[in-house]
Amino acid sequence: MIPAAFDYHAPATLPEALALLTRYGDSAKVMSGGQSLLPLLKLRLGQAEHVVDIGRIPGLEYIREEGGVLRIGGRTREAALEESELIRTRYPILHDTAKVIADPLVRNRATVGGNLAHGDPANDHPATMLALGAQVVATGPKGERVIPIDKFFLGLFTTALAPDEILTEIRIPAPPPRSGGAYVKLERKVGDYATAAAAAQVTLGAGGTLERVGLALTNVGPTPLDAAAAAQPLVGKKVDAAALAEAARRAAQAATPNPDRRGSTEYKREMARVLANRALHKAIERAGGH
Amino acid sequence: MATHTIKLTVNGEAREAQVESRLLLVHFLREGLRLTGTHIGCDTTHCGACTVLLDGVPVKSCTLLAVQADGCKLETVEGLEQGGKLHPIQEGFWEQHGLQCGYCTPGMMMTSVALLARNPSPSEAEIREAISGNLCRCTGYVNIVKAIQYAAVKLREEKSHAAS
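And the structure:
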């Protein structure tokens, strides 16, 4: 398959990239790792007159924790996330997520920022970032703005990014002691999109109560599903298996998955319930709560 | 539509070419350079038959533009054999019957070369994880894993000989 013709631009700096996006507006697409954009252009499900490749701009790939915040550069490769000792030990939910995105070859190119900016509800990072309470930094011609992740996904393939903005950084609050998270995905085979998946991130307080619970679901609706409301009743209470099961049930109830070759609406909703429950248990276990 | 001049190294040889923006790397290799060892399988980023090494990192060349490889070092299956001597990974696939139809083999071997450069003694689980983006639809993975294990031993032996 061959994409429709386009012009390719490889700006060397961020201001150059932003100038190109300002000039070409809606007819331009930003390419980070290209692992979603190129298949889309090849299948001609998407078109772009101008592809602005941010691959040669220095300083967009980093993973560092400073001042109580984990900062991930927008173009950080999934493989880098997967191999990072900091991520493996401090952010197991991110390690879980990176490990199940596409396959190892794709992860050598695919980027965290791209996974979010693509706005595909089947992508894996969105639910994880919702559970973590992340923020994304959008850089445009007028400077940076910070978008809370729960205001970022507006619809199918639609995000809060303006056509002249680039997702340059993801910020995640560093977890306090006794925190844990997990991402649990059901897929038919390596490289498949999730039939359903669940992300949970918890912090335990004194006496075994849940101080904070983030919960979100992948690929069960037009946008990643933030199940914060379903998890809210758990906060301030002691960990209780029946309450966790109820939160998972309520989260899945809000899901509106489309039937396809991965299963019927009912099946996917049921899987979402099971996975949400498992993710919550695993997160609590990692927080030291079981 | 705009074309671009790219300069890159392919299997140690400097190359320069004029490419259209939309030209995929795999088409550049196969049709531009006539290096047809790199296969096109699914053409949808699933099968890994088109795997090449971009600055040592295995990537799917059907999901990369030729222009993105400007300034890079590329390695394809044609670069494995040196001076008439098979690379240990090629010898492994031969000795262990790691192929029947051979369609996935170039991609399998390039992924394996990168794995063994990073991890000279991978466990079976690590091998299976590394090749999970390369699909085989006939031989099955048992002999492919054996072929990679064979190459791992051979490469370690070569290294220790070179050191002694």
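Chains A and B, in that order, give the protein sequences. When we follow the numbering used here, the leftmost residue of the first sequence carries the number 1, and every step to the right adds one. When we follow the numbering used here, the leftmost residue of the second sequence carries the number 1001, and every step to the right adds one. Each residue gets a CB set at the ideal place from its N, CA and C atoms; glycine is no exception. Every value quoted in this text rests on a predicted model; they were computed, and no experiment measured them.
Report task. Below 8 Å on the Cβ atoms is my guess for glutamate 1075 of chain B versus valine 1052 of chain B; work out the distance and round it to an integer in Å. Result -> 6 Å
**Report entry** Classification of serine 84 of chain A by the beta-carbon crowding that lies within 10 angstroms, buried from 16 upward
**Finding:** buried
Report task. Kindly indicate which residue of B/Ser1021, B/His1097, B/Glu1126, B/Ala1014 has the alpha-carbon position closest to the one of threonine 1111 of chain B. Result -> Nearest option by C-alpha distance: B/Glu1126.
Report task. Using the Cα positions of proline 39 of chain A and histidine 1161 of chain B, report the straight-line distance between them to the nearest angstrom. Result -> 45 Å
Report task. Output the distance between the C-alpha atoms of glutamine 1100 of chain B and glutamate 1081 of chain B, rounded to the nearest integer angstrom. Result -> 20 Å
Query - Which residues DSSP lists as bridging aspartate 7 of chain A, in chain order - result: Answer is A/His50.
Query - Chain-ordered residues of the segment 1061-1088 of chain B with a beta carbon less than 7 Å from chain A - result: Thr1063, Leu1064, Leu1065, Val1067, Gln1068
**Report entry** Where leucine 105 of chain A meets chain B, residues with beta-carbon distance less than 8 Å
**Finding:** Gly1048, Thr1051, Pro1058, Val1059, Lys1060, Thr1111, Gly1133, Asn1134
**Report entry** Simplified DSSP assignment, three categories, for lysine 282 of chain A
**Finding:** helix
Query raised in the report: Mind checking alanine 5 of chain A: buried by the 16 CB within 10 Å criterion, or exposed?
Result: Flag for alanine 5 of chain A reads exposed.
Query raised in the report: Is it a yes or a no for the segment 1007-1015 of chain B touching the segment 220-233 of chain A, going by three-plus beta-carbon pairs under 8 Å?
Result: no
**Report entry** Cβ neighbour criterion (16 or more within 10 Å) applied to asparagine 1119 of chain B
**Finding:** exposed
Query raised in the report: Counting only beta-carbon atoms, is alanine 4 of chain A nearer than 9 Å to chain B?
Result: yes
Query raised in the report: Should glutamate 1129 of chain B be flagged as near chain A, meaning a C-beta pair shorter than 9 Å?
Result: Chain A, which has a Cβ nearer than 9 Å to the Cβ of glutamate 1129 of chain B, makes this yes.
Query raised in the report: If we cut at 9 Å on Cβ distances, does leucine 43 of chain A have a partner in chain B?
Result: A Cβ of chain B is located within less than 9 Å of the beta carbon of leucine 43 of chain A.
Report task. Apply the 10 Å Cβ neighbour rule to arginine 75 of chain A and answer buried if 16 or more other Cβ atoms are within range, or exposed otherwise. Result -> buried
Query raised in the report: Which residues of chain B have a Cβ atom closer than 8 Å to the Cβ of glycine 34 of chain A, listed in chain order?
Result: Thr1063, Leu1064, Leu1065, Gln1068
Query raised in the report: Taking buried to mean at least 16 other C-beta atoms within 10 Å of its own C-beta, is tyrosine 1185 of chain B buried or exposed?
Result: Look at the range of chain B in this structure, 1001 to 1164, and you will see that residue 1185 of chain B is not part of it.
Query - Under 7 Å from the C-beta of methionine 1 of chain A: neighbouring residues of chain B - result: Asp1043
**Report entry** glutamine 232 of chain A in three-state terms, based on DSSP
**Finding:** helix
Query raised in the report: With 16 as the cutoff for other CB atoms within 10 Å, does cysteine 1136 of chain B come out buried or exposed?
Result: buried
Query raised in the report: With respect to the beta strand (DSSP E) encompassing arginine 188 of chain A, which residues constitute its N-terminal and C-terminal limits?
Result: Here arginine 188 of chain A belongs to no beta strand (DSSP E), and DSSP marks it neither H nor E.
**Report entry** CB contact below 9 Å: valine 190 of chain A versus chain B
**Finding:** yes
Query raised in the report: Looking at C-beta atoms only, is the number of pairs between the segment 173-181 of chain A and the segment 197-213 of chain A that lie closer than 8 Å three or more?
Result: yes
Query raised in the report: If you check the beta carbons only, do alanine 252 of chain A and alanine 276 of chain A fall under 9 Å apart?
Result: yes
Report task. Since I believe aspartate 103 of chain A is in contact with alanine 1002 of chain B (beta carbons under 8 Å), could you give me their beta-carbon distance rounded to a whole number of angstroms? Result -> The pair is not a contact, with the Cβ atoms about 32 Å apart (cut-off 8 Å).
Query - CA-to-CA distance, alanine 98 of chain A to arginine 107 of chain A, given in whole angstroms - result: 8 Å
Query raised in the report: So, using beta-carbon positions, are glycine 214 of chain A and alanine 131 of chain A closer together than 9 Å?
Result: Yes, they are a contact pair.
Report task. In the DSSP assignment, find the unbroken alpha helix (DSSP H) run with leucine 217 of chain A in it and report its ends. Result -> Unbroken run through leucine 217 of chain A is the beta strand (DSSP E), 210-218; no alpha helix (DSSP H).
Report task. Could you check if proline 58 of chain A is buried or exposed, using at least 16 other CB atoms within 10 Å of its CB as the buried criterion? Result -> exposed
Report task. Return no unless some Cβ of chain B is closer than 9 Å to the Cβ of valine 30 of chain A. Result -> Taking Cβ atoms only, chain B never reaches closer than 9 Å to valine 30 of chain A, which makes this a no.
Requested in this report: Assuming leucine 1115 of chain B and glutamate 1078 of chain B form a contact by the criterion Cβ under 8 Å, report the distance between their Cβ atoms to the nearest whole angstrom.
Outcome: Rounded, the Cβ-Cβ distance is 20 Å, inconsistent with contact.
Requested in this report: Compare the beta carbon distance of glycine 181 of chain A and alanine 199 of chain A with 9 Å and say whether it is the shorter of the two.
Outcome: yes
Query raised in the report: So, helix, strand or coil for valine 1153 of chain B, using DSSP?
Result: helix
Requested in this report: Please list the partners that alanine 1002 of chain B has in chain A, where partner means a Cβ-to-Cβ separation under 8 Å.
Outcome: Result: Asp7, Tyr8.
Query raised in the report: Out of curiosity, what's the CA-to-CA distance linking asparagine 123 of chain A and isoleucine 1144 of chain B?
Result: 30 Å
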